[in-house]
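Here the structure comes first, spelled out in structure tokens, and everything after it is commentary.
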Amino acid sequence: MIKSALLVLEDGTQFHGRAIGATGSAVGEVVFNTSMTGYQEILTDPSYSRQIVTLTYPHIGNVGT
Numbered sequence: 001m002i003k004s005a006l007l008v009l010e011d012g013t014q015f016h017g018r019a020i021g022a023t024g025s026a027v028g029e030v031v032f033n034t035s036m037t038g039y040q041e042i043l044t045d046p047s048y049s050r051q052i053v054t055l056t057y058p059h060i061g062n063v064g065t
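Just so you know, we're using full-length UniProt numbering here: the sequence shown kicks off at 1 and counts up by one.
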């Protein structure tokens, strides 16, 4: 079941979306990564602790043939 989600920035800007994975509240610095590969490592890398990671490459996961 997909639930709605809300990202609120420090300046009050709000982004509405859909939650995937764990539900609940989170607080952290929003960061981004432009890598085309290696997203599995990003999601388990301890250096990203307490950060909300945005993956900017449009195809994440198994795509194509």
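Cβ atoms here follow ideal geometry from the backbone N, Cα and C, with glycine treated the same way. Small disclaimer: the values here were computed from a predicted structure and weren't measured.
Check, Outcome
"If you draw a straight line from the C-alpha of Asp11 to the C-alpha of Ser47, how long is it?", "25 Å"
"Would a C-beta distance cut-off of 9 Å place Gly21 and Leu6 closer than the cut-off?", "no"
"Does DSSP put Leu43 in a helix, in a strand, or in coil?", "helix"
"Could you give the C-beta distance for Tyr39 and Ile52, rounded to a whole number, given that I count them as a contact under 8 Å?", "About 15 Å; that fails the 8 Å criterion."
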